[in-house]
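Visitor: Here you go, one structure.
In the working numbering, the protein residues as written are 589 to 1447.
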């Protein structure tokens, strides 16, 4: 791309002119070939990576990431890494000791204390320490900031480029031509070097592309896709790079650069403020590391956002300038990586070894407007294929877009023909194979796009079409009320006003997805329910962490079912123009994109959305704050490696942060193999009777003592042919010790949850672990958590309402099971994990005063 722009250096900038980046060219898509033979060299023995049970991982034979010296000479197999170049033990530079670092980390990173409050705190500490002849670790907030800034590791400094339009501009020239536009960025080469050298990634880092094969029971091999390095893109590009210079590139480590950018608007006291950040990651780290933000995702650029008077909003020249500024900024910032995309460079890696690394542009995560800007397609067209915008889902004649195809069309047709017939904006022809790089985006295409923007909106339009605005409003109010009174569940946010909140977030949409279908049952026809059900099946399958041919085939089936059932919206008049929607059309590419890039779970834009800056100050101040946080994080890692600090605890990524948060941070895998462990709280609750008979009267369950004694009999006689229900009650054993009551065990059972009334969570009980899903489980509602001792052994128990399956198969419209309750006592070990039950509310409107605490008892 070329354009009349000049970039001037300001601040720490070092670039002085428009720079054009020649992106690495790659051929069109090709399928993986397992018959690619390794060359006869001494490292080919490494091609078998892992052998675990029936799963075998085969490494790429040409891009093995072989360890080398700092000078790039390959090491012998099994050679140890060189010693880490750490400072001497107990060298806390730039701090005077552990107390200073820990205080800085606490106040700046964890508490985010203001400078004024810090100064007050230091004064108080000085008063306390004066009597001992000592002083505060820091004199002031400014002193603490200076200590952090003095750190030599961690933060890559922010630099700034200024873009202007050259030439003389007269008084009648639009004001936007007179302005200077600042692009703040950090050297991506330095950022990537820091990521690659991070010892925290050791054990969760892949040094070469690989193929994961499973040997099935019938002896056939089944391909698995999960991590980025296990997919076709990394394998194919490694082969192409090797073939470009075999002597130089053999044995090098392939490192794909993952980028993400998205304009965001934040509300501050002075009004709306727009930012356009870009983020960097690498494909070598595990998906869980990238999702966990463990320094594997970092901002590298803040794009300039040109502004002009409203009359220029649709001005072709101004729109062209914005696109040119965007692309020129990217080319300039990535210029330092140009050489290392053709010639390997020696980099330190997480395991302490050096390797010859060759970089490549990998997946680009972008919402549809950003895809249009990046790829140069016309709004309304697909950035991945040539399907016509009038009917995007008719892909029978659509071809994958590629760089060579676009460049050939530009030479053959006029700009008008390119725009109208091929959806190409010839103002921007990217040098990279951008169409190939565009990755799936679960958040914007599936969760926010198809679910929230499309399906939820269509339901409201359908109700207005069928019932008129007034009656439709009443039905929507009832749906909102049903959403509000759905029982709580750990990790699931509560919607006290239904869908009626001003600004939706991705977490709002993910939370609503889990409960919305059941609230529609009595207000929309089965075809709409089945549209939602098939979409949810597609969504949750797409959010898995591992895929096989079987799961990809199932993904296609759910997509076909969704498209079949959504036709009801067309025939009913709700969507008379059809479904030619770019974000929804993107679902048709998910199978091929999973084969290309691995699980979308590891590339979703929600990873970077939750990394958006939270302190919305002036941009310069934000960047300084970000850099200081990076320095503190790097210092902590370094101190841990030197054994000067204990390592941070490993926080599991498959659960929300705490029991108490009604938060829907879906940063863990969907449909993983589940193992459950339920433990009672450490301290029992007070104020309860200590005997079975006393508790029976207290909780108003007449047969509670009998149920507990039956439970104890079953525990003592697990192989008895006579079930406890058939035993004479007089022959059942009695627990003689005190009965202890608990209000929590990760699952909640309390008479007063947050001063708003009782909360009794539900859970899955395993009955037959050889059967899949609910066929081998039952659902219970916890009425009481308690324990007792019998002959020296403690029995943790739960009084539950046992929900038996009402039918032998799920409901035909919703795909969900219907269950009914029955009281009994069970061992806590039989509980697998929490379950979320949603009542069948029926077609009668609920009373306005009805509360969610009463939902499971009323239906």
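C-beta atoms are modelled at their ideal positions from N, C-alpha and C, and glycine is treated no differently.
How many angstroms separate the CA atom of residue 672 from the CA atom of residue 940?
Guide: 7 angstroms
Visitor: Is it the case that the Cβ atoms of residue 865 and residue 852 are separated by a distance below 9 angstroms?
Guide: yes
Visitor: Nearest to residue 1123 by alpha carbon, out of 1221, 1080 and 1176?
Guide: 1176
Visitor: Looking at the unbroken alpha helix (DSSP H) that takes in residue 1377, where does it start and where does it end?
Guide: No alpha helix (DSSP H) holds residue 1377; the beta strand (DSSP E) holding it covers 1365-1378.
Visitor: Kindly indicate which three-state DSSP category residue 765 falls into: helix, strand or coil?
Guide: helix
Visitor: Just the Cα atoms here: how many angstroms apart are residue 1296 and residue 1353?
Guide: 17 angstroms
Visitor: Give me the DSSP bridge partner(s) of residue 1422.
Guide: 1351
Visitor: Using the Cα positions of residue 1254 and residue 760, report the straight-line distance between them to the nearest angstrom.
Guide: Residue confidence is low: residue 1254 scores 40 on pLDDT, short of 50, so the model does not pin down where it sits. No coordinate-derived value is stated.
Visitor: Can you confirm whether residue 910, when its beta carbon is compared against all beta carbons of chain B, has any partner nearer than 9 angstroms?
Guide: In the structure shown, chain B does not exist; there is a single protein chain.
Visitor: Below 8 angstroms on the Cβ atoms is my contact criterion, and I expect residue 1125 with residue 1152 to pass it. Report the Cβ-Cβ distance as a whole number of Å.
Guide: Incorrect: roughly 13 angstroms between the Cβ atoms, too far for contact.
Visitor: Provide the residue span of the beta strand (DSSP E) that contains residue 1415, from first to last.
Guide: 1411-1415
Visitor: Rounded to whole angstroms, how far is the Cβ of residue 1031 from the Cβ of residue 1192, which I believe are closer than 8 angstroms?
Guide: 5 angstroms
Visitor: To which residues of the same chain is residue 1276 closer than 7 angstroms at the C-beta, ignoring the five residues directly before and after it?
Guide: 1283, 1286 and 1329
Visitor: With residue 1227 and residue 1220 assumed to form a contact (beta carbons below 8 angstroms), what rounded beta-carbon distance in angstroms separates them?
Guide: Not a contact, Cβ separation roughly 11 angstroms.
Visitor: Which two residues bound the contiguous beta strand (DSSP E) that contains residue 751?
Guide: 746-752
Visitor: Using the Cβ count rule (16 or more neighbours within 10 Å means buried), how would you classify residue 658?
Guide: Classification for residue 658: exposed.
Visitor: So, residue 650 versus residue 838, is the Cβ gap smaller than 9 angstroms?
Guide: yes
Visitor: Closest to residue 955 by CA distance: which of 733, 945, 763 and 970 is it?
Guide: 970
Visitor: Using CA coordinates, which residue listed in 787, 700 and 1140 is at the minimum distance from residue 1129?
Guide: Nearest to residue 1129 by C-alpha distance, out of 787, 700 and 1140, is 1140.
Visitor: Shortest alpha-carbon distance to residue 821 belongs to which of 915, 1184 and 1161?
Guide: Closest option to residue 821, Cα to Cα, is 1184.
Visitor: Under 7 angstroms Cβ to Cβ from residue 782, same chain only, skipping five residues before and after it: list those, please.
Guide: 744
Visitor: Given a cut-off of 9 angstroms on the beta-carbon distance, is the pair residue 921 and residue 710 in contact?
Guide: no
Visitor: Any idea which residues DSSP pairs residue 845 with across the strands?
Guide: 870 and 949
Visitor: Closer than 7 angstroms by C-beta to residue 1143: which residues in its own chain qualify, once you throw out the five before and the five after it? Chain order, please.
Guide: 1126, 1129, 1130, 1178 and 1179.
Visitor: If distances are taken between C-alpha atoms only, which option among 1083, 917, 841 and 721 comes closest to residue 948?
Guide: In terms of Cα proximity to residue 948, the closest of 1083, 917, 841 and 721 is 841.
Visitor: Give me, in chain order, the residues of the same chain whose beta-carbon lies closer than 6 angstroms to that of residue 1222; leave out the 5 immediate sequence neighbours on both sides.
Guide: 741 and 742
Visitor: Would you call residue 978 buried or exposed, if buried means 16 or more other Cβ atoms sit within 10 Å of its Cβ?
Guide: exposed
Visitor: Can you tell me which of the three DSSP states residue 850 falls into?
Guide: Correct three-state label for residue 850: coil.
Visitor: Secondary structure at residue 1107, three-state DSSP: helix, strand or coil?
Guide: helix
Visitor: Any contact of the region 721-728 with the region 684-691, i.e. 3+ C-beta pairs under 8 angstroms?
Guide: With the cut-off at 8 angstroms, the region 721-728 and the region 684-691 touch.
Visitor: Whose CA, out of 720, 1135 and 1400, lies closest to the CA of residue 812?
Guide: It is 1135.
Visitor: Considering residue 834, what are the terminal residues of the alpha helix (DSSP H) in which it resides?
Guide: 834-837
Visitor: Is the region 752-769 touching the region 816-830 in the sense that three or more CB pairs, one from each, lie closer than 8 angstroms?
Guide: no
Visitor: Report yes if the C-beta distance between residue 1047 and residue 1108 is below 9 angstroms; otherwise report no.
Guide: The answer is yes: Cβ separation under 9 angstroms.
Visitor: Is it the case that the Cβ atoms of residue 1411 and residue 1387 are separated by a distance below 9 angstroms?
Guide: The beta carbons of residue 1411 and residue 1387 sit closer together than 9 angstroms.
Visitor: According to DSSP, is residue 1073 helix, strand or coil?
Guide: coil
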